[in-house]
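Take a look at the structure below.
Protein chains: 2
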Amino acid sequence: MKVVSLSDVEKKEVNMEGAVGASKQLPLGSNDGAPVYSYRVFTVEAGGHTPFHHHPYEHMNYVIEGEGALVNAKGEETVLKAGDFALVSPDEKHQYRNKGDKPFKMICGVPKQFE
Amino acid sequence: MKVVSLSDVEKKEVNMEGAVGASKQLPLGSNDGAPVYSYRVFTVEAGGHTPFHHHPYEHMNYVIEGEGALVNAKGEETVLKAGDFALVSPDEKHQYRNKGDKPFKMICGVPKQFE
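Respectively, the protein sequence lines represent chains A and B. Numbering-wise (the working numbering), the first sequence opens with residue 9 and increments by one. Numbering-wise (the working numbering), the second sequence opens with residue 9 and increments by one.
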């Protein structure tokens, strides 16, 4: 059993090519004993975005705060706001963009072997 | 790719023995194409709680709103507040209690075969 507050979790800048103004936290992962899944949190600053890319595992998101968009393989945006859940399937090309003037913060779960 | 707002997801009362004032939503699960994990949301009303029980799979929580407690096998409470993450390991006895006067709402992720 483990309880951790997001505000106490180290935040690291995302240095991947194509990422702008994005940082990552890992409140629960395999180092915490998570048997199957890892819960990461991404914060995207105003004007920022994650890479427009794909990979062989899914994302499962919950939007904590802010206004953003989830971009599909065709470049089309779907609004993401606080209280929304999103699923990006394995191998789907995607990007998360901040569309507001405050930080856009979301949980991004992945199978533990990928984080 | 799927986006769903929590407010649009059907809410069902939890009828398990030992549950009081608890309801469940399933914003993302295997019916949505989730390959590995299911994201459920539990809402526990003031004075309510989930069953004090154990099972062979973990819980991975994020507290959306409210004030609650996570109870361990010894009956000891750890505070859970908005912005907290929690991991309950497989086979650990546990209970979630609302400790405030407003609804206590949290994500409760489990491997998809269990929900």
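Cβ atoms here follow ideal geometry from the backbone N, Cα and C, with glycine treated the same way.
Inset, instruction - Kindly indicate which three-state DSSP category SER97 of chain A falls into: helix, strand or coil? - result: If DSSP states are grouped into helix, strand and coil, SER97 of chain A belongs with coil.
Inset, instruction - Using a cut-off of 9 Å between C-beta atoms, extract the partners of VAL12 of chain A located in chain B. - result: Chain B residues near VAL12 of chain A: ASP92, PHE93, ALA94, LEU95.
Inset, instruction - Would you verify that the beta carbon of THR51 of chain B is, or is not, closer than 9 Å to some beta carbon of chain A? - result: For THR51 of chain B, no Cβ of chain A is located within less than 9 Å of the residue's own Cβ.
Inset, instruction - Check each residue of the region 29-58 of chain B: if its Cβ is closer than 8 Å to any Cβ of chain A, include it; give the result in chain order. - result: Look at the region 29-58 of chain B: the residues with a C-beta under 8 Å from a C-beta of chain A are PRO35, LEU36, ASP40, GLY41, ALA42, PRO43, VAL44, TYR45, TYR47.
Inset, instruction - Verify whether the separation of the beta carbon atoms of VAL11 of chain A and ASP92 of chain B is less than 9 Å. - result: In terms of Cβ geometry, VAL11 of chain A and ASP92 of chain B form a close pair [threshold 9 Å].
Inset, instruction - Using only the heavy atoms of the ligand SAM, determine whether one of them is closer than 8 Å to the beta carbon of LYS82 of chain A. - result: Only the bare structure without any ligand can be found here, which leaves the ligand SAM out of the picture.
Inset, instruction - Confirm, please, whether the CB-CB distance from TYR47 of chain B to PHE122 of chain B is below 9 Å. - result: Inclusion of PHE122 of chain B and TYR47 of chain B in the CB contact set at 9 Å is not warranted, their separation being larger than that value.
Inset, instruction - Scan the region 62-88 of chain A for residues whose Cβ lies nearer than 7 Å to a Cβ of chain B and list them as they occur along the chain. - result: Across the region 62-88 of chain A, CB contacts with chain B closer than 7 Å involve GLU66, MET68, TYR70, LEU78, ASN80, THR86, LEU88, in sequence order along the chain.
Legend entry - CA nearest to the CA of GLY83 of chain B, picked from B:MET68, B:GLY74, B:PRO59: Comparing Cα positions, the closest option is B:PRO59.
Inset, instruction - Would you mind telling me which residues of chain A sit closer than 9 Å to GLY108 of chain B, beta carbon to beta carbon, in chain order? - result: The contact set of GLY108 of chain B on chain A, defined by CB atoms closer than 9 Å, is empty, because the minimum CB distance reaches about 16 Å.
Inset, instruction - Could you check what DSSP says for ASP16 of chain B in three-state terms: helix, strand or coil? - result: Residue state, collapsed to three classes: helix.
Legend entry - Partner residues on chain B for MET9 of chain A, Cβ-Cβ distance less than 8 Å: Contact note: MET9 of chain A reaches chain B through LEU78, ASN80, THR86, ALA94, LEU95, VAL96, SER97, GLU100, HIS102, using a C-beta cutoff of 8 Å and chain order.
Inset, instruction - Evaluate GLY117 of chain A with the Cβ neighbour count: other Cβ atoms within 10 Å of its Cβ, from every protein chain shown; 16 or more gives buried, anything less gives exposed. - result: Result: buried.
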